[in-house]
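Colleague: Before anything else, here's the structure in question.
2 protein chains.
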Amino acid sequence: MAVTIGAVAKAAGVSVSTVSRALNTPDLVNAVTRERVVAAADRLGYSPNPAARSLRDGRTETLGLLIPDITNPFFPPIFKAMQERARRQGYTLLVADSDEREADELETIAAVSKKVDGLVLWASMLTEDRLAELAGRTPVVLVNRQVPEVCEVHVSLTDGIAQAAEHLKAYGHQVCVFVDGNGNRPDQSRSKSIREAFDAHGLSLIEIGPYEPRFETGVHAAPLVLAHGATAVLAHNDLVAMGVLHQLAALGASVPGDISVVGIDDTLLASVSTPSLTTIRIDPDEVASLAIDLLIGLVHERPPAAQVVQVGSRLIPRGTTGPARREPR
Amino acid sequence: MAVTIGAVAKAAGVSVSTVSRALNTPDLVNAVTRERVVAAADRLGYSPNPAARSLRDGRTETLGLLIPDITNPFFPPIFKAMQERARRQGYTLLVADSDEREADELETIAAVSKKVDGLVLWASMLTEDRLAELAGRTPVVLVNRQVPEVCEVHVSLTDGIAQAAEHLKAYGHQVCVFVDGNGNRPDQSRSKSIREAFDAHGLSLIEIGPYEPRFETGVHAAPLVLAHGATAVLAHNDLVAMGVLHQLAALGASVPGDISVVGIDDTLLASVSTPSLTTIRIDPDEVASLAIDLLIGLVHERPPAAQVVQVGSRLIPRGTTGPARREPR
DNA sequence: ATGAAAGCGCTAACAT
DNA sequence: ATGTTAGCGCTTTCAT
């Protein structure tokens, strides 16, 4: 067993309460006693037992993050930023991957929620009722799920999409395909924003899908894009866009000469593709800070400034977009 | 506060110990009492307080994993597999990203080690002494670090590299560049294995570097490859390989027509690149199972079957390798 | 300014 | 088969 507060007390020749005070509320103890205690604690390598502390005052100094799939390159930077943000405020971040399966998510929440002071739930598959009920029991911040009375960070693609529409329009594109990869997930805001933005810019939009957000979806979409006579594609995310790029190459269509391609998320994939992928960026640090600060606020029972916080997005123009081809090939 | 064992006891009209037994060691209690207890527990939604349990018997049912960088796409599948493996055995997995900085790693270990029953340390930056000392205090499994008396899972690239050499040789390549991206990290086994394998196959090897394992490293390496008159490149990892592909395209060299490219890790990048990347695969599930099972064994004080466990690798031939060009361009 | 002691929720002796 | 109780390490009244 590790060194306890009792051992430090004995070594310093004081009582355990004095040790506790010397370490937690230093001003409550005589300076010289304090020195002696701190020295003893250092010498013995004392550090408080989190389980005891947690049992005593019901806080774990740990936050939970539930995400759909850590192998989606969108999430690692967000996790990293959240972990850093939490760490600075004295919290450990516990991530769990729900694999987008509701049963797993429930089980994971059950296992994790007892070990943390609060939860960030990203794009949860759970029903509104369950989420509301959970939020009643423990501090919860939702990302991209709307539930009355529950705090939310909402990642809005509106700006980025508007910029993408503007960008394509300026390059002379008129017909664009949107590859919907949202499957049957609850949040349908993406395709709605896209319809609206493209409408507003007088671009004709052909929606195909919904499919799953996979590379293969892009492979599948590529010939459809050509068949529809479109000159631009907006893909559900970067991964799908990579599939489109891959298959367009196989079909002998050049990018951006024949077809322009736009992704969403600005993951690692976008910056390493050839040509590099024009995409819509969501700033991971911003989402992370907002979600974590909001949650920590909730944990400390500070009422949130606002129920819903918006995070914006913007277009990152790179190599896969360019002037629309004039004549058919 | 949540529902405690005392509440269940009262509801079922028995003592707390009976509740504890009914739930943990059911055969020690009368069938009908047990029913009553279980019913009460269910009705109240009881679940044991992990902090109390942990304080009581010194175990947290949590394992820690320390990795250099979760945004390296090599790690997410491994984390996911480890989490799943741990979960099946009743453990939660707590990941922490050390960002490859020794100071952070120390701080993180200090924060995390009190909250877990044991640690998996991946490619730790710590000195051998520190690692040995740490392993003396808590169960530790190292990945890709060799320390006497400490358990290790060793990911060996030997097989995969030999297959890569064989593969390139068969395609008629004679001169290959290895782009070393290992920086100044402790484990230098990669470049050693490569020298040996290429020697054994009578291939001439030009090593460049060491650089950092980044996309830009590949970009930097591409013209050097051409200047050296090589027809093949083995990159430090997939990310570096992507940089090579990107810049070769910019330089007008075709892949695999002019140059063949091989990566290492078989990350998502390899499967989504165009052309898809020939690479060396390490099975994430295998590493995960071995490391987690080894660690859980240590936690339960089962002596490990072996001090060091090897994990193999194999070549995944894809689209970036082909016959060597005969005449100079 | 310091010490003694209660109590957080749980499990495992130790009774009965 | 079940109940009573000590004790895990810590913080915080409550005394002094």
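Which chain is which? The protein sequence lines are Y and S, in order.
Counted the way full-length UniProt numbering counts, the first sequence spans residues 1 to 329.
Counted the way full-length UniProt numbering counts, the second sequence spans residues 1 to 329.
Think of the CB as a built atom: it goes at the ideal place given N, C-alpha and C, for glycine as much as any other residue.
#1: Leaving out five residues on either side along the sequence, give the residues of the same chain with a beta carbon under 7 Å from the beta carbon of His167(S).
#2: Pull up the distance between the alpha-carbon of Glu105(S) and that of Met125(S), whole angstroms please.
#3: Got a sec, what are the start and stop residues for the beta strand (DSSP E) Glu61(Y) sits in?
#4: Can you check whether the C-beta of Val272(S) is within less than 7 Å of a C-beta belonging to chain Y?
#5: What whole-angstrom Cβ distance do Tyr171(S) and Pro323(S) have, given they're in contact under 8 Å?
#6: At a CB distance below 7 Å, what residues from the region 65–90 of chain S approach chain Y? Give them in sequence order.
#7: Given that His154(Y) touches chain S, what residues does it touch there, using C-beta distances under 9 Å?
#8: Contact check, Thr274(S) vs Gly263(S) under 8 Å by CB: the rounded distance?
#9: Quick one: which chain Y residues come within Cβ less than 8 Å of Asn49(S)?
#10: Answer with yes or no whether the minimum CB distance from Asp97(S) to chain Y is below 7 Å.
#11: Per DSSP, which residues does Ala96(S) bridge with? Please list them.
#12: Could you list which residues in chain S have their beta carbon closer than 8 Å to that of Phe215(Y), in chain order?
#13: Taking the continuous beta strand (DSSP E) assigned at Asp238(S), which residues delimit it?
#14: Nearest by alpha-carbon distance to Leu44(S): which of Pro50(S), Ile5(S), Val311(S), Ala222(S) is it?
#15: Across which residues does DSSP place Thr267(S) in a beta bridge pair?
#16: What separation, rounded to the nearest whole angstrom, lies between the Cα atoms of Leu66(S) and Ala41(Y)?
#17: Could you please tell me which residues of the region 250–279 of chain S, in chain order, have their CB closer than 9 Å to any CB of chain Y?
#18: For the alpha helix (DSSP H) containing Ile78(Y), name the first residue and the last one.
#19: Would you check if there are 3 or more beta carbon pairs closer than 8 Å linking the region 224–244 of chain S to the region 253–270 of chain S?
#20: Pop quiz: Ala270(Y) and Gln247(Y) are said to be a contact at Cβ under 8 Å. What is the actual Cβ separation, rounded to whole angstroms?
#21: Span of the alpha helix (DSSP H) holding Leu295(Y)?
#22: Check each residue of the region 119–132 of chain S: if its Cβ is closer than 7 Å to any Cβ of chain Y, include it; give the result in chain order.
#23: Could you name the residues of the same chain whose beta carbon sits closer than 8 Å to that of Arg87(S), not counting the 5 residues immediately before and after it, in chain order?
#24: Along chain S, in chain order, which residues have C-beta atoms closer than 8 Å to that of Leu94(Y)?
#25: Report, in whole angstroms, the separation of the C-beta atoms of Gly312(Y) and Asp159(Y), which I expect to be a contact under 8 Å.
#26: With a threshold of 8 Å on Cβ separation, who are the neighbours of Asn49(Y) within its own chain once the five nearest residues in sequence on each side are excluded?
#27: Considering only C-alpha positions, which residue in the set Gly90(S), Leu157(S), Ala135(S), Ile292(S) is nearest to Glu149(S)?
#28: Does the pairing of the region 172–187 of chain S with the region 199–216 of chain S give three or more beta-carbon distances under 8 Å?
#29: Run the CB neighbour count on Arg56(S), radius 10 Å, all protein chains shown included, and call it buried at 16 or more, exposed below.
#30: Counting only the same chain and skipping the five closest in sequence on each side, list residues whose C-beta sits under 8 Å from that of Phe215(S).
#31: So is Gln83(Y) buried or exposed if we call it buried at 16+ other beta carbons inside 10 Å?
#32: Please confirm whether Ala52(S) has its beta-carbon closer than 7 Å to some beta-carbon of chain Y.
#33: Using the Cα positions of Val95(S) and Val32(S), report the straight-line distance between them to the nearest angstrom.
#34: Taking Cβ-Cβ distances shorter than 8 Å, what residues in chain Y pair up with Thr60(S)?
#35: Determine whether the Cβ of His246(S) lies closer than 7 Å to any Cβ atom of chain Y.
#36: Between Tyr46(S) and the rest of its own chain, which residues show a CB-CB distance below 6 Å, the 5 nearest in sequence each way excluded?
Modeller: So, to answer that:
#1: Your numbering for residue 167(S) matches position 167 in the second sequence. The residues are Leu315, Pro317, Thr321.
#2: As a position in the second sequence, residue 105(S) is number 105, starting the count at 1. As a position in the second sequence, residue 125(S) is number 125, starting the count at 1. Computed Cα separation, rounded: 8 Å.
#3: Along the first sequence, read from residue 1 onward, the residue named residue 61(Y) stands at position 61. Note, Glu61(Y): premise wrong, no beta strand (DSSP E); not H, not E.
#4: In the second sequence, residue 272(S) corresponds to position 272, counting from 1. Closer than 7 Å: yes.
#5: Start at 1 with the first residue of the second sequence, and residue 171(S) comes out as number 171. Start at 1 with the first residue of the second sequence, and residue 323(S) comes out as number 323. Between Pro323(S) and Tyr171(S) the Cβ distance is about 5 Å, and since that is below 8 Å, they are a contact.
#6: Ile70, Thr71, Pro73, Pro76, Pro77, Phe79, Lys80, Gln83
#7: The residue you call residue 154(Y) lines up with position 154 of the first sequence. Here the premise fails: no neighbours, minimum Cβ distance about 24 Å.
#8: On the second sequence, residue 274(S) is found 274 positions in, with the first residue counted as 1. On the second sequence, residue 263(S) is found 263 positions in, with the first residue counted as 1. With 8 Å as the limit, Thr274(S) and Gly263(S) do not qualify as a contact, their Cβ atoms being about 14 Å apart.
#9: Start at 1 with the first residue of the second sequence, and residue 49(S) comes out as number 49. Correct list: Leu55, Lys114.
#10: Indexing the second sequence from 1 puts residue 97(S) at position 97. So, interface residue.
#11: As a working mapping, residue 96(S) is identified with position 96 in the second sequence. DSSP output for Ala96(S) lists Leu66(S) as bridge partner(s).
#12: Taking the first residue of the first sequence as position 1, residue 215(Y) is located at position 215. Simply Ser271, Val272.
#13: Walking along the second sequence from the start, residue 238(S) turns up at place 238. Per DSSP, Asp238(S) belongs to no beta strand (DSSP E); it is in the alpha helix (DSSP H), 238–250.
#14: Here residue 44(S) is taken as the residue at index 44 of the second sequence, counted from 1. The option with the nearest alpha carbon to Leu44(S) is Ile5(S).
#15: As a working mapping, residue 267(S) is identified with position 267 in the second sequence. None; Thr267(S) has no bridge partner.
#16: For the purposes of this step, residue 66(S) is taken as residue 66 along the second sequence, with counting starting at 1. For the purposes of this step, residue 41(Y) is taken as residue 41 along the first sequence, with counting starting at 1. Spanning the two alpha carbons is a distance of roughly 27 Å.
#17: Ala250, Leu268, Leu269, Ser271, Val272, Ser273, Thr274, Pro275, Ser276
#18: Along the first sequence, read from residue 1 onward, the residue named residue 78(Y) stands at position 78. Ile78(Y) -> alpha helix (DSSP H) spans 75–88.
#19: yes
#20: Counting from 1 along the first sequence, the entry for residue 270(Y) is found at position 270. Counting from 1 along the first sequence, the entry for residue 247(Y) is found at position 247. That pair is no contact at about 17 Å.
#21: On the first sequence, residue 295(Y) is found 295 positions in, with the first residue counted as 1. Unbroken alpha helix (DSSP H) run through Leu295(Y): 284–299.
#22: none
#23: Walking along the second sequence from the start, residue 87(S) turns up at place 87. Correct list, in chain order: Leu93.
#24: Within the first sequence, the letter at position 94 stands for residue 94(Y). Those within 8 Å of Leu94(Y) in chain S are Thr92, Leu94.
#25: Along the first sequence, read from residue 1 onward, the residue named residue 312(Y) stands at position 312. Along the first sequence, read from residue 1 onward, the residue named residue 159(Y) stands at position 159. 5 Å between Cβ atoms; contact.
#26: The sequence position of residue 49(Y) within the first sequence is 49, counting from 1. Once the five neighbours on either side are set aside, the close Cβ partners of Asn49(Y) are Ala2, Thr4.
#27: For the purposes of this step, residue 149(S) is taken as the residue at position 149 of the second sequence. The residue with the shortest Cα to Cα distance from Glu149(S) is Ala135(S).
#28: yes
#29: To locate residue 56(S), count along the second sequence from 1; it is residue 56. It is exposed - the Cβ of Arg56(S) has fewer than 16 other Cβ atoms within 10 Å.
#30: Looking up residue 215(S) in the second sequence gives position 215. Once the five neighbours on either side are set aside, the close Cβ partners of Phe215(S) are Leu239, Val240, Met242, Gly243, His246.
#31: Taking the first sequence and counting its residues from 1, the one referred to as residue 83(Y) is at position 83. Flag for Gln83(Y) reads buried.
#32: Start at 1 with the first residue of the second sequence, and residue 52(S) comes out as number 52. Taking Cβ atoms only, chain Y reaches closer than 7 Å to Ala52(S), which makes this a yes.
#33: Working through the second sequence from its first residue, we reach residue 95(S) at position 95. Working through the second sequence from its first residue, we reach residue 32(S) at position 32. Looking at the two C-alpha atoms, the distance is approximately 43 Å.
#34: The sequence position of residue 60(S) within the second sequence is 60, counting from 1. What Thr60(S) touches in chain Y: Ala51.
#35: Taking the first residue of the second sequence as position 1, residue 246(S) is located at position 246. Judged by the 7 Å Cβ criterion, His246(S) is in contact with chain Y.
#36: Position 46 of the second sequence, counted from the first residue, corresponds to residue 46(S). So the qualifying residues of the chain are Val3, Val8.
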